[in-house]
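Each position in the sequence shown, counted from 1, maps to that position plus 649 in this note's numbering. Below: one structure, written as structure tokens.
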Amino acid sequence: MLYYLFRFLERFDIPGAHVWSYVSFRALLTLILSLIISAWFGEKFIKFMKRRKIAETQRDASIDPFGEKKKGVPTMGGIIIIVSILVPVILLGRMRNIYLILMIITTIWLGFLGFLDDYIKIFRKNKEGLKGKYKIVGQVSIGLIVGLVLWASPDAVIKENVTIQKQGQVTEVIHASEPTKSLKTTIPFVKNHNLDYSKVMAFCGKYSRAAGWILFVLMTILVVTAVSNGANLNDGMDGMCAGNSAIIGVALGIFAYVSSHIEFASYLNIMYIPGSQELVVFICAFVGAMIGFLWYNAFPAQVFMGDTGSLTIGGIIGVCAVIIHKELLVPILCGIFLVESLSVMIQTFYFKWMKRKGQRVRIFRATPIHDNFRKLDSQLDPTSKYVFKSWPQRQFHESKITIRFWIVTIILAAMTIITLKIR
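And the structure:
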């Protein structure tokens, strides 16, 4: 809203009005505003939830040794995150931008889905929350919507890389003058590193392009669902998910910025995506909201984000990666989320498989994997065997686990950014 107001005032030569046309100015202002909102609104929200006694009523002591201290801590703090993202974005973003619209829809959609889950847990006293199949349907639906919009919208285009040979061995990368719909995505660490979905489906003959779009939509659904669930599983310790997501957000912001800048895109030999600069504004609001939320969520947490926050965070990350054609970088960038998800799947599959053989055998002491590092020997199931029972050899405090996971995410984010040059 403010963007359009000041662009209008610029016609009358109002001093300072022109700075609103700069993405860097609006992005940094969005970051500051989201921090302020999360700090101010967070305090009000926590007091309100405490007055209404809307809080954690039970923790699994067999998993969380600090669970007793966390009873009575307000939950559904994802509302703080969502408000801290949407308010600055609506004020400072270009609301006609298709990418920004998709990010806002994703935030509201998955925020509502997570809210339903938290509502059932708290007010209906059902600790299982929303049934898993309904969560999956909600996640698949938003992935389908995003994929179809990117396929159908005339604004969702790129400018292809064009390499020209100059005198000698010198080459130069420029971008085509006309934007086009593209099924290309980035492959990490590979020279000429674009994968074309239509070429993957070349066996479909004359229908290869249509099949490529179907594959793209399916990939979008997979990425959004996987990252959303991964973030949800990662949300198990104070500050864990918020800190990891802030780091991932910074990396995505860098990718969005260089993809939206034609000179940087040419220099780095990546796809130029007109209009993706508005993602930088959104991601700055996202990072600001994450850092602001940590003010209250760092150990000992004064509020938990709940599924309202974790499902939304994962969806935002997944959709942003798809929009900037970096979905194949997600396994590296979101490596922590991937490992958390894999640990649960491996544990569940192996336990069920061995149970059919009449044995109770688990791989890890506990899953998601972060719980493995804080579970005591005395808390293990005496009727089960453990493949990695002696790992780790001692219990770690959750603050140490959280910070070490942040460090790993920083390393993964740096590796992801390095893929811009190493290939």
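Note that CB positions come from ideal geometry on N, CA and C, so glycine has one too. These numbers were taken from a predicted model, which means no experiment stands behind them.
Which two residues bound the contiguous alpha helix (DSSP H) that contains Gly1021?
What sits at residue 1021 in the sequence shown is Asn, not Gly. Here the alpha helix (DSSP H) through Asn1021 covers 1018 to 1021.
According to DSSP, is Thr834 helix, strand or coil?
Thr834: strand per DSSP, three-state reduction.
Whole-angstrom distance between Phe865 and Tyr846, CA atom to CA atom:
In this model, Tyr846 and Phe865 are separated by some 7 Å (Cα to Cα).
Which runs of the alpha helix (DSSP H) fall wholly inside the stretch 740 to 817 and span at least 4 residues, in chain order?
Whole alpha helix (DSSP H) segments, 4+ residues: 747 to 772, 781 to 801.
Give the DSSP-derived three-state secondary structure of Leu864 in the structure shown.
The answer is helix: DSSP assigns Leu864 an H, G or I state.
Please report how far the alpha carbon of Leu682 lies from the alpha carbon of Gly937, in whole angstroms.
About 8 Å.
Going by Cα to Cα distance, which pick from Gly958, Lys1038, Gly888, Val968 is closest to Leu765?
For Leu765, the nearest C-alpha among the options comes from Gly958.
Check for me: the beta strand (DSSP E) holding Asp887 runs from which residue to which?
Here Asp887 belongs to no beta strand (DSSP E), and DSSP marks it neither H nor E.
From the DSSP output, which residues share a beta bridge with Val1010?
Looking at the DSSP output, Val1010 shares a beta bridge with Lys1034.
Straight-line gap, Gly1007 to Tyr999 (C-alpha atoms, nearest Å)
Between Gly1007 and Tyr999, the C-alpha separation is close to 12 Å.
Can we say the stretch 1051 to 1068 touches the stretch 876 to 895, given the rule of at least three CB pairs closer than 8 Å?
Touching, yes.
On the DSSP bridge assignment, give the partners of Pro723 in chain order.
For Pro723, the pairing in a beta bridge is given by DSSP as Ala704.
Cβ distance (whole Å) where Glu927 is taken to contact Asn746 below 8 Å
About 4 Å separates the two Cβ atoms, so the contact holds.
Please state the DSSP three-state secondary structure of Asp845.
Asp845 sits in a strand when the DSSP states are folded into three classes.
For Arg801, count neighbouring C-beta atoms within 10 Å of its own C-beta (all shown protein chains included) and say buried if the count is 16 or more, exposed if not.
Note on identity: in this sequence residue 801 is Ala, with Arg being the wrong assignment. So Ala801 counts as exposed.
With which residues is Tyr921 paired in a DSSP beta bridge?
According to DSSP, which records beta bridges pairwise, Tyr921 is partnered with Lys808.
If the criterion is Cβ atoms closer than 8 Å, does the pair Ile973 and Phe931 meet it?
No, these two residues do not count as a Cβ contact at 8 Å.
Exposure label - Phe772; buried when at least 16 CB within 10 Å
Taking all protein chains shown into account, Phe772 has fewer than 16 neighbouring C-beta atoms within 10 Å of its C-beta and is therefore exposed.
DSSP bridge partner residues for Thr1051 (one or two, in chain order)
Looking at the DSSP output, Thr1051 sits in no beta bridge, so it has no partner there.
Nearest neighbour of Asn1021, chosen from Arg1005, Lys1038, Lys1034 [CA to CA]:
With distances taken between Cα atoms, Asn1021 lies closest to Lys1038.
Whole-angstrom Cβ separation of Arg1072 and His910, contact assumed at under 8 Å?
Going by Cβ atoms, the distance from Arg1072 to His910 rounds to 19 Å, so no, they are not a contact pair.
At which residues does the alpha helix (DSSP H) containing Val952 begin and terminate?
Bounds of any alpha helix (DSSP H) do not take in Val952, whose DSSP letter is neither H nor E.
Can you find at least 3 beta carbon pairs, one from the stretch 872 to 879 and one from the stretch 786 to 796, that sit closer than 8 Å?
The answer is yes - the stretch 786 to 796 touches the stretch 872 to 879, with three or more Cβ pairs under 8 Å.
Among Ile897, Asp767, Gly742, Lys770, nearest to Ser925 - alpha-carbon criterion
Here the closest residue by C-alpha is Gly742.
Can you give me the start and stop residues for the alpha helix (DSSP H) that Glu927 sits inside?
Run containing Glu927: 926 to 946, per the alpha helix (DSSP H) assignment.
Under 8 Å between C-beta atoms of Ile897 and Leu982
Yes.
Neighbourhood of Arg656 by C-beta, 8 Å cutoff - its chain only, sequence neighbours within 5 removed
Once the five neighbours on either side are set aside, the close Cβ partners of Arg656 are Ala666, Trp669, Ser670.
Pick from Arg1023, Thr834, Lys840: whose alpha carbon is nearest that of Lys848?
For Lys848, the closest C-alpha among the options Arg1023, Thr834, Lys840 is that of Thr834.
Alpha carbon to alpha carbon, how far is Ile750 from Val988?
Those two C-alpha atoms are separated by around 31 Å.
Separation of Ser915 from Leu740, as counted between CA atoms:
Taking C-alpha positions only, Leu740 is separated from Ser915 by approximately 31 Å.
Under the three-state DSSP convention, the category Thr1068 falls into
If DSSP states are grouped into helix, strand and coil, Thr1068 belongs with coil.
Can you give me the C-alpha to C-alpha distance between Gln1028 and Lys782, rounded to a whole angstrom?
Rounded to whole angstroms, Gln1028 to Lys782 spans 30 Å at the Cα level.
When Pro828, Ser857, Glu809 are compared against Pro803, the one with the closest alpha-carbon
Taking only the C-alpha atoms, the option nearest Pro803 is Pro828.
By Cβ distance below 7 Å, which residues in the same chain neighbour Thr1016 in space, the five residues on each side in sequence not counted?
For Thr1016, the CB contacts under 7 Å within the same chain, skipping 5 residues up- and downstream, are Ser992, Val993, Gln996 in chain order.
Selection from Leu680, Asn775, Asp662, Gly721 that minimises the alpha carbon distance to Gln951:
With respect to the C-alpha of Gln951, the residue from Leu680, Asn775, Asp662, Gly721 having the closest C-alpha is Gly721.
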